[in-house]
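Heads up: the sequence shown begins at 6 in the numbering used here, then just goes up one per residue.
For every residue, glycine included, the Cβ atom is placed at its ideal position computed from N, Cα and C.
Because the structure is a prediction, the values reported are computed rather than measured.
To keep things clear, I will list the structure first and then write my remarks on it.
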Amino acid sequence: MIQRCMVIRLGKPYTIAMNKHIINLDSTSPAGQPTPMVDPFGRAITYVRVSVTDRCDFRCVYCMSEDMHFLPKQDLLSLEELDRLCTAFVDKGTRKLRITGGEPLVRRDIMKLFKSLSRHLDSGALDELTVTTNGSQLAKYATDLAACGVKRINVSLDTLDADKFRAVTRWGELSKVLGGIEVAQKAGIAVKINAVALQGVNEDEFESLVRWSHGIGADMTFIEVMPLGEVSGQRADQYIPLSRVKAQLMERFTLTDIAYKTGGPARYVSVKETGGRIGFITPLTHNFCESCNRVRVTCTGTLYMCLGQEDAADLRTPLRADPTNESLNKAIDAAILRKPKGHDFIIERGANIPSVGRHMSMTGG
Ligand code: SAM
Ligand code: SF4
């Protein structure tokens with residue numbers, strides 16, 4: 006497939022490889038038309054994460070503060086608007102859409118959005134429609150998700166100890182999540198378990214989390230905690246570099262680096278003893294910004310070009326002002342040209358100021 010598009014900053018025609026296709030970039034496409042998204046560093050944006058709500062039925066200690074103030078419901082994009090926005094991104098070359106939050110599955114009628122977005126899978130415009138969830142509502146929705154073409158999901162699960170789980174989520178029920186995972190797998194969905202490595206919480210469980218995940222046929226990914234939003238206590242008291250997690254796992258398992266990729270930032274190893282895979286997402290110790298292929302949209306239609314920077318673009322105004330999508334496409338193009346080179350996350354003892362003020366639950370993980 007050959008597409009043509011305009012990159013305003015670059016003026017002269019050039020070609021890049023994007024998503025296995027060669028794209029000829031020149032200045033012949035009319036402004037406001039859907040054109041592929043390429044940032045100033047030549048990175049093609051093919052992956053969009055959309056947060057459909059900032060609300061959640063959990064209050065994970067590293068994600069939210071205890072007294073979160075949520076957005077008034079009238080500020081949120083409607084499901085129809087979210088569909089239009091996602092479709093605009095698909096028209097601009099997005100191949101992978103991840104629905105996230107907050108907890109995406111607590112948004113009322115969310116299955117309507119999945120159902121409607123599944124047409125892009127049917128048409129071949131989209132390679133993957135997926136979701137990141139805390140799993141609390143999976144038992145209810147997994148079969149519907151599978152019917153909408155969702156083939157893989159990420160379930161966040163930081164501990165297998167029910168008491169610790171309740172403490173870390175502030176009131177979540179582990180058994181419900183485990184039940185949801187079972188239903189999802191029975192529905193034919195591949196589950197990946199995501200755990201944030203947390204000092205004093207799951208340090209003693211890295212091996213058991215891997216054994217359990219691989220035992221149920223799920224890949225497992227560890228994530229470094231990021232300094233996003235104010236939370237109770239010091240980030241430094243939560244943070245563990247994944248080099249330590251890996252070293253600990255290497256005492257128990259034979260790990261081999263592999264080239265496996267899912268379109269996200271994880272670097273994978275295979276585990277000889279279990280036959281499974283472990284991913285490591287290391288925004289602090291080894292940033293992966295040079296290969297960043299994604300942007301994030303909040304439930305109010307704010308586009309964040311980088312998880313770790315404050316700059317953002319309002320897409321709700323052009324979306325509502327212009328039914329033709331021309332203004333929306335222009336706003337997206339202008340924003341992509343401002344995508345920064347990378348984030349500047351730092352976690353230091355004593356300096357408990359978040360790198361960015363907003364919580365992960367707002368931007369969407
Ligand atoms: N509620 C869903 C869930 O928990 O999977 C989706 C949204 S949640 C914000 C997405 C992911 O972000 C989860 O895997 C969560 O563990 C992770 N997360 C939240 N806050 C984080 C932080 N400060 N640093 C690193 N990961 C974080
Ligand atoms: Fe909710 Fe997910 Fe944040 Fe936990 S990590 S509070 S489940 S949004």
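Straight-line Cα distance separating residue j from residue i
i	j	result
Asp149	Val302	24 Å
Thr40	Ile104	22 Å
Ile286	Asn292	9 Å
Asp88	Asp209	42 Å
Thr92	Leu118	11 Å
Val201	Asp166	15 Å
Lys341	Glu278	Looking at the sequence itself, residue 341 is Ile, so the reference to Lys does not match. One C-alpha to the other measures close to 43 Å.
Met367	Val57	9 Å
Ala130	Ser141	30 Å
Asn29	Lys191	Interpretation of Asn29 is limited by its pLDDT of 36, a score under 50 that renders its predicted location unreliable; no figure is taken from the coordinates.
Arg257	Arg48	38 Å
Val111	Lys145	11 Å
Ala3	Leu84	Nothing in the structure corresponds to residue 3, since the chain is present only between 6 and 370.
Leu183	Cys65	17 Å
Asp319	Val276	44 Å
Asp338	Met42	7 Å
Gly222	Thr174	25 Å
Asp96	Gln38	9 Å
Asp163	Asp72	22 Å
Ala252	Ser213	15 Å
Asp168	Lys181	13 Å
Opposing strand residues paired with residue i [DSSP bridges]
i	result
Gly284	Thr226 and Tyr273
Thr105	Ser56
Asp127	Partner(s): none; Asp127 has no beta bridge.
Ala318	Leu308
Leu203	Tyr244
Glu133	Lys101
Ser387	Missing from the structure shown is residue 387; the chain here goes from 6 to 370 and no further.
Ala49	Val43
Asp168	Answer by DSSP bridge pairing: none, since Asp168 is not bridged.
Val300	Val53
Asp262	Val274
Burial state of residue i, where buried means 16 or more other Cβ atoms lie within 10 Å
i	result
Asp224	buried
Ser218	buried
Lys78	exposed
Pro328	exposed
His74	exposed
Met255	exposed
Gly106	buried
Asp59	buried
Ile186	buried
Arg113	exposed
Ile194	buried
Beta-carbon proximity list for residue i, same chain, < 6 Å, skipping 5 on both sides
i	result
Asn139	Phe63, Glu108 and Ser161
Ile245	Ala202 and Gln204
Phe227	Ala200, Ala202, Leu247, Val250 and Phe285
Closer than 7 Å: residue i CB and nearest the ligand SAM heavy atom
i	result
Leu233	yes
Met365	yes
Glu85	no
Thr287	no
Ser161	yes
Val201	yes
Cys61	yes
Cys91	no
Thr279	no
Leu330	A quick correction: the sequence has Asn, not Leu, at residue 330. No.
Cys68	yes
Glu108	yes
7 Å Cβ shell around residue i - same chain, five flanking residues per side excluded
i	result
His364	Cys68, Met69, Leu233 and Gly234
Gly362	Gly234
Thr290	Glu229, Pro246, Leu247 and Ser248
Asp80	Thr305
Ser123	Leu134, Cys153 and Gly154
Phe46	Lys346
Near the ligand SF4: residue i beta-carbon under 7 Å from a heavy atom
i	result
Thr174	yes
Cys65	yes
Gly129	no
Asn139	yes
Spatial neighbours of residue i in its chain, beta-carbon cut-off 8 Å, leaving aside the 5 residues before and after
i	result
Leu90	Val55, Leu82, Val302, Gly306, Leu320, Leu324 and Leu333
Asn2	For residue 2 there is no data in the structure shown, the boundaries of the chain being 6 and 370.
beta-carbon residue i near the ligand FMN non-hydrogen atom, thresh 7 Å
i	result
Thr105	You won't find the ligand FMN in this model; what it holds is the ligand SAM and the ligand SF4.
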